[in-house]
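Student:
Residue numbers (our numbering): 1 to 730.
#1: State the DSSP-derived secondary structure class of residue 614, mapped to helix, strand or coil.
#2: What distance in whole Å lies between the Cβ atoms of residue 529 and residue 722, which are believed to be in contact at a cut-off of 8 Å?
#3: For residue 563 and residue 112, I'd like the C-alpha separation in whole angstroms.
#4: Could you check whether the Cβ of residue 102 sits closer than 8 Å to any Cβ belonging to chain B?
#5: Could I get the ranges of all uninterrupted alpha helix (DSSP H) runs contained in the stretch 70–147, with 4 residues as the minimum, in chain order?
#6: Between the Cα of residue 317 and the Cα atoms of 255, 228, 382 and 409, which residue gives the shortest distance?
#7: So, is residue 400 buried or exposed, given that buried needs 16 or more other C-beta atoms within 10 angstroms?
#8: Per DSSP, which one or two residues make a beta bridge with residue 490?
#9: Three or more beta-carbon pairs under 8 Å between the stretch 421–430 and the stretch 186–201, yes or no?
#10: DSSP has residue 696 in a bridge; who is on the other side?
#11: If you check the beta carbons only, do residue 620 and residue 556 fall under 8 Å apart?
#12: If you scan the stretch 336–385 from start to end, which runs of the alpha helix (DSSP H) of 4 or more residues do you find wholly inside it?
#13: Would you mind sorting residue 128 into buried or exposed? The rule is 16 or more other CB atoms within 10 Å of its CB.
#14: Excluding five sequence neighbours on each side, which residues of the same chain lie with their C-beta closer than 6 Å to the C-beta of residue 323?
#15: Looking at the secondary structure, which residues open and close the beta strand (DSSP E) in which residue 651 lies?
#16: Given residue 570, which residues of its chain have a CB within under 7 Å of its CB, disregarding the five upstream and five downstream residues?
#17: From residue 731 to residue 384, what does the alpha carbon distance come to, in whole angstroms?
#18: Sort 79, 177, 654 and 71 by Cα distance to residue 126 and report the nearest one.
#19: For a test of the three-state rule: what should DSSP assign to residue 478, helix, strand or coil?
#20: Identify every residue that forms a DSSP beta bridge with residue 677.
#21: So residue 25 and residue 40 are supposed to be a Cβ contact under 8 Å. How far apart are they, rounded?
#22: In the DSSP assignment, the alpha helix (DSSP H) including residue 222 goes from what residue to what residue?
#23: If you check the beta carbons only, do residue 80 and residue 88 fall under 8 Å apart?
#24: Could you spell out the range, first to last residue, of the alpha helix (DSSP H) harbouring residue 568?
#25: Taking C-alpha atoms, which residue in 231, 200 and 217 lies nearest to residue 209?
#26: Does the count of Cβ pairs from the stretch 652–669 and the stretch 681–696 closer than 8 Å reach three?
#27: Given residue 29, which residues of its chain have a CB within under 6 Å of its CB, disregarding the five upstream and five downstream residues?
#28: Tell me the rounded alpha-carbon separation between residue 249 and residue 463.
#29: Looking at the structure shown, is residue 495 part of a helix, part of a strand, or coil, going by DSSP?
#30: Roughly how many angstroms separate the alpha carbons of residue 354 and residue 378, rounded to a whole number?
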C-alpha cells in the first residue's frame, strides 16, 4: 500500500543546477522514500550545466521508478499519473502534482509551491507561444522502489552547529540573565505608571511622584545598560562562532576532491559560505529575542486578564485575526519577491550587456532593437512593482483596521470600566501600555517563523558538504613517498564526463610515460588531450582502468605528496590579486629569491618586470586582469618552474606567445627539462618536434606513437596534421 503524505512534500534546490535532482527527491519522498540530494545528483550526473531529462530518467529508474518521457498536450497531460516532472521555460524542471478546476499545482524547487491558471501554465510549460505541447517525464514506482533501503535524507540535525555554542555557555548564561532582567524591567513599567496616577495624582503626593519618577529614570538607565551589555555579549559570541563555522567549512571544502569543484558553480559554493551567517544569526539573535518576546507576551497577556477579562478576550481574538491576516499574504508576497528578483536580474543583465556590447551594437546598427528589449523589461519591472504596491496597501490597510478596531474597543471597555468604578484611571493607562507592548512580540514571532525556514535550508546545505567524503579518507592505505621507479603507466584507462549518452572522452588508453623523458600529446580539438592531463593530476579519477607510478597505483599515493612533485601550466591557470613575486612563489610563505630569479629567467619575464613601477613587487589584478594572455602564460610557466618539480604538465602553455618569446622560452625550458618527466599538450606542433615520444590521440584513442622523425616518415595521420603547420613537402 502506498503511504502518501497528506501534504505534498517540497524541497528548495540547494544549488543553481539542482532542479532535476530536487524534483526527483520530491517525488521519491511523496511515495515514502527519502534520498540525500547528493546521491540523486550523482545518479543523475548533475554538473555545472545541470542534468538532462535522460539523466533524470536514468536516476529515477536506478531507485526503482518506471519512467516515460513524452511530448504531450494539456488534454493528454490530464490523463497521466501525477506527480510527474515537467520541462519548464526551456531551462528548468518542476513537479506537477495536481490538476483541479483548470488550476495546475506546481512544486518549483527554485521557488515554492505554485498554483497557476491554465494560460500561465501553458506559457511556461510550452516554452513559446507557437507550440501546443510540452515535455513531461512520467514516473510510476515499481516493487523494486519499495524494496530498496529507505535512505535517510541529509542530516537536518542541529547538533553539528550546537557544539560551537557549547564553548560559550558562560556567556550565554550571562545573556539569559541580562534578557531576563530586561524583561523584568519592562514588566515593572506599567505598574509604576499606574502608581503615579492612582496614588500620586489622586492623593496629591508630589513626594511619592518624585520617588516613582526617580525609579523610572533608574530603570531606564538599568535597561539601557543591560542593552549595551547584551549587544557586546552577542557581538562577541556571534563573531567567534561565525569565524569557527566558516573556518571549519573552508577546511572541509579544501579536503574535498577536485572533481567536486568541476560540478559546482562559484555562486553555489559562496552561497554556502553565507549560509552560516543565517544559522548563527538565527540562533544567537532571532531565537533568543523571540524566546524572551514570547515570555513577555505571555506575562503581558496574563496582566491583561488580571486587569480586565473582557479586554483580555478582545486582545486574544484581535491578535489571532492579525496573525491570520498577515500569514495570508506571506505566500503571495514571497511569489512576488521571486518574480521581482527574476525581473531585476534580467534588468541588470540587460544593462551589463548593453555596456559590454556597445561596440558590436553600434557596428551592427541595432541600437533601437536593444533599447526596445530593455524597455520591455522595464515594463515587466513596473507591473511587478504595481502588484507589490497593491499587495502592501491591502496588507497594511487590513492590519491598521484590525489594530485600530482593537484599540478603540479596548479604549471603550477600559473607559467604561473606569466610569463604573471597575478599574482605576492608572489601571486604564497601564492596560494601554501593555496593549502597545504586545504588538512587538507578535511581529517578532512571525519573523521567527520565516528565519527558521531560512536557517533550516541553510543548515541542510552546510550539512550536505560536511557529510561528503574527503579526498583522502583516514582509513585509506596512503603512501607518502614516491616509488623508485617513477614511470607513469596508464593501463586500459577509460573516462567519460558525467551525463547520459556522453561518449568516453578517453577509451582504453594503454600508455607508458617514461621517467626523465619528454612526452608530447597531440591531436585535434576535443580528442581528450586536456582530460588525460587532468587524470594524471588527479583532478578526475578514471572511470575504468588504473594509473600507476611504477608499480604503485596513483590513487594510493597521498595527493599532497603527488602534487608537490607536479608542476602544471593549464589553459585555465589562475593568477591571484597579489604581487608578481607572490604569484610566482605561491607555494612558499617565504619566497626563495634565487629560485624566483631562475624561474623569471626561464619564462623570459625580466623585461616585463623591469617595466613595472614596483618591479617584482607590483600588484596584479584578480585573475590577471590588466595582463595580456601571453604575459599571464609566462607567469604561470614561471610558477611551475619555481616549484622545481619532478613532473611537469604543460597544456598549450605557449599558444598565446609570439614566435620570438616562444622560441626563447622553449630553448630555456629544454635545459630545465633535463632529468624531469615532462608531458606537453600542444596544437602548435613546432614546440614538440624535440620530444622523446609523441602520442597522437583521435576521438579518445591513441592512433600513432613515435618520434617526430619516425611519424613524419610514416606519413600517417600525424604527417597530415603537421604538414601545413611545418610546411613539409608533399
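For each residue, glycine too, the CB sits at the ideal point set by N, CA and C.
Everything numeric in this text was worked out from a predicted model, so none of it was measured.
Tutor: Per the coordinate set shown:
#1: Taking the first residue of the chain shown as 1, we reach residue 614 at position 614. DSSP places residue 614 in coil when its eight states are reduced to three.
#2: Counting from one through the chain shown, the residue named residue 722 turns up at place 722. Counting from one through the chain shown, the residue named residue 529 turns up at place 529. Incorrect: roughly 15 Å between the Cβ atoms, too far for contact.
#3: Counting from 1 along the chain shown, the entry for residue 563 is found at position 563. Counting from 1 along the chain shown, the entry for residue 112 is found at position 112. Looking at the two C-alpha atoms, the distance is approximately 44 Å.
#4: Judged by its chain identifiers, the structure shown contains no chain B, having just a single protein chain.
#5: Whole alpha helix (DSSP H) segments, 4+ residues: 74–77, 118–126 and 143–147.
#6: Here residue 317 refers to the residue found at position 317 of the chain shown. Looking only at 255, 228, 382 and 409, the smallest Cα-Cα distance to residue 317 is reached by 409.
#7: Here residue 400 corresponds to residue number 400 of the chain shown, with the count starting at 1. Note on residue 400: under 16 other CB atoms within 10 angstroms of its CB, so exposed under the neighbour-count rule.
#8: Indexing the chain shown from 1 puts residue 490 at position 490. Under DSSP, the beta-bridge partners assigned to residue 490 are 511 and 547.
#9: The count of Cβ pairs closer than 8 Å, one atom from the stretch 421–430 and one from the stretch 186–201, reaches three, so the stretches are in contact.
#10: By 1-based counting over the chain shown, the position of residue 696 is 696. According to DSSP, which records beta bridges pairwise, residue 696 is partnered with 522 and 704.
#11: Counting from 1 along the chain shown, the entry for residue 620 is found at position 620. Counting from 1 along the chain shown, the entry for residue 556 is found at position 556. Contact flag unset, no.
#12: Runs of the alpha helix (DSSP H) inside the stretch 336–385: 358–363.
#13: The residue given as residue 128 occupies position 128 in the chain shown. It is exposed - the Cβ of residue 128 has fewer than 16 other Cβ atoms within 10 Å.
#14: Numbered from its first residue, the chain shown carries residue 323 at position 323. Excluding residues within five positions, none has a Cβ falling inside 6 Å.
#15: Sequence index remark: in the chain shown, residue 651 carries index 651 (1-based). Segment 647–651, the beta strand (DSSP E) holding residue 651.
#16: Taking the first residue of the chain shown as position 1, residue 570 is located at position 570. The residues are 651.
#17: For residue 731 there is no data in the structure shown, the boundaries of the chain being 1 and 730.
#18: Numbered from 1 along the chain shown, position 126 holds the residue referred to as residue 126. Checked all of 79, 177, 654 and 71; the closest Cα to residue 126 is 71.
#19: In the chain shown, the residue the question calls residue 478 occupies position 478. In the structure shown, residue 478 falls within a coil segment according to DSSP collapsed to helix, strand and coil.
#20: By 1-based counting over the chain shown, the position of residue 677 is 677. Partner residues in the beta bridge of residue 677, as assigned by DSSP, are 647.
#21: Looking up residue 25 in the chain shown gives position 25. Looking up residue 40 in the chain shown gives position 40. Indeed, because the Cβ distance is near 5 Å, the residues count as touching under 8 Å.
#22: For the purposes of this step, residue 222 is taken as the residue at position 222 of the chain shown. Counting along the chain, the alpha helix (DSSP H) containing residue 222 begins and ends at 206–255.
#23: Start at 1 with the first residue of the chain shown, and residue 80 comes out as number 80. Start at 1 with the first residue of the chain shown, and residue 88 comes out as number 88. Not a contact, by the Cβ cut-off of 8 Å.
#24: Here residue 568 corresponds to residue number 568 of the chain shown, with the count starting at 1. Element bounds for residue 568: not the alpha helix (DSSP H) but the beta strand (DSSP E), 566–569.
#25: What you label residue 209 is simply residue 209 of the chain shown in a count that begins at 1. For residue 209, the nearest C-alpha among the options comes from 200.
#26: At 8 Å Cβ cutoff, the stretches touch.
#27: For the purposes of this step, residue 29 is taken as the residue at position 29 of the chain shown. So the qualifying residues of the chain are 9.
#28: Within the chain shown, the letter at position 249 stands for residue 249. Within the chain shown, the letter at position 463 stands for residue 463. One C-alpha to the other measures close to 10 Å.
#29: As a first step, residue 495 must be located in the chain shown, where it is residue number 495. Residue state, collapsed to three classes: strand.
#30: On the chain shown, residue 354 is found 354 positions in, with the first residue counted as 1. On the chain shown, residue 378 is found 378 positions in, with the first residue counted as 1. When the Cα atoms are used, residue 354 and residue 378 turn out to be separated by approximately 14 Å.
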